[in-house]
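Be aware that the sequence shown starts at -9, since it is given in the working numbering, and climbs by one per residue.
Here a beta-carbon is modelled for each residue, glycine too, at the ideal position from N, C-alpha and C.
Step one of this worksheet: look at the structure below.
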Amino acid sequence: MAAVVTLGVVRVGEEVHPSFGALATVFWVAAVMSLGAALLTVPTFRMRELPEEPPGAGGHMRDTVVHGRVVSTTGRPVRNAVVTLLTPSGEQVDWSQVDSAGDFSIAVPGAGRYLVVTAAEGWTPESRLADLAAETEIEPIVLRERLTLAGTVNDPYGPVDGAVVALTQQSGEVVGTARSGTDGRYEMPLPPNGRYVLTAVTPAGATAASAVTVWGATRTMDFDLPAGDGT
């Protein structure tokens, strides 16, 4: 039996069958139409910018750098000062050493009240509570020179090492003691204003006493002692 092929069909006798090319055409047309329908039903996504994360979001806090200056009562910089930042509970947050101009910078983790402690060799320490981070400038920190009662202990042979110097009130109460070094020098903090008795005793047993009046300024009191029994 002969098969007759016409456009898109194959005729075998009285039966008509679609040709392979027709089947392929129908397949690809259906595939394209299905793909088009799928594209029409897929939702369209559009990128949008996320808002900038505000400071402190997610538990992250940006440090604020606070600046300040440490000066003396005359306005000159205190170059060897160290500024320490503490929480009110006493936990250290940051610290900074001043530069040659007395300036310092210190990091504050967040706005709040902090304890600012400033110290320098030869100066009276200073502390203050300050609300920081809201402002980036601390008012100038003014240090006062440490007031002392100091001097040297000497005997006929020179400076006396290890002499004990005691400061007592008129009532006999001891308010301060110091021990001389190899250079014979002693030093103790200046007590409140008033009249006192200063006594020195050398390791050899020589003693001396002198009345001293304290009036808000550093005092120097030297002792020239005779040689003791053990010298």
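Alpha-carbon to alpha-carbon, residue j and residue i
| i | j | result |
| --- | --- | --- |
| Pro149 | Gly174 | 4 Å |
| Asn183 | Asp121 | 35 Å |
| Gly162 | Gly65 | 40 Å |
| Pro216 | Ala156 | 18 Å |
| Gly80 | Glu111 | 22 Å |
| Leu180 | Asp93 | 29 Å |
| Arg209 | Ala109 | 22 Å |
| Ala196 | Gly206 | 30 Å |
| Tyr104 | Val73 | 12 Å |
| Val83 | Leu76 | 5 Å |
| Asn70 | Ser90 | 8 Å |
| Gly100 | Met178 | 40 Å |
| Gly218 | Ala97 | 58 Å |
| Gly141 | Gly102 | 45 Å |
| Thr63 | Ala194 | 43 Å |
| Gly152 | Asp145 | 12 Å |
| Gln159 | Thr172 | 28 Å |
| Gly58 | Val68 | 12 Å |
| Gly130 | Pro78 | The question names Gly, but residue 130 is Pro in the sequence shown. For Pro130 and Pro78, the distance between alpha carbons rounds to 21 Å. |
| Ile138 | Tyr147 | Here residue 138 is Thr; the residue named in the question, Ile, does not match the sequence. If you take the alpha carbons of Thr138 and Tyr147, they lie about 27 Å apart. |
| Met211 | Arg185 | 14 Å |
| Thr167 | Ser95 | 38 Å |
Beta-carbon spacing of residue i, residue j below 8 Å
| i | j | result |
| --- | --- | --- |
| Val60 | Val88 | yes |
| Phe213 | Val165 | no |
| Ala198 | Ala190 | yes |
Neighbour-count burial assignment, residue i, 16 or more Cβ in a 10 Å radius
| i | result |
| --- | --- |
| Thr203 | exposed |
| Ser86 | buried |
| Glu43 | For Glu43, the predicted structure reports a pLDDT of 45, less than 50, and the residue's modelled location is therefore unreliable. A value from the coordinates is still provided. When all chains shown are included, Glu43 counts as exposed. |
| Tyr176 | buried |
| Thr192 | buried |
| Thr34 | Note that Thr34 scores a pLDDT of 48, beneath 50, so its modelled location is shaky; the value from the coordinates is reported in the next line. Exposed, by the Cβ-count rule. |
Rounded Cβ spacing between residue i and residue j (contact assumed at less than 8 Å)
| i | j | result |
| --- | --- | --- |
| Arg169 | Val154 | 6 Å |
Review point. Are the stretch 54 to 62 and the stretch 119 to 135 touching by the rule of at least three beta carbon pairs closer than 8 Å?
Key: In short, these stretches touch, since the Cβ pair count reaches three.
*Decide yes or no for the touch test of the stretch 132 to 141 against the stretch 114 to 122: beta carbon pairs closer than 8 Å, at least 3 of them.*
yes
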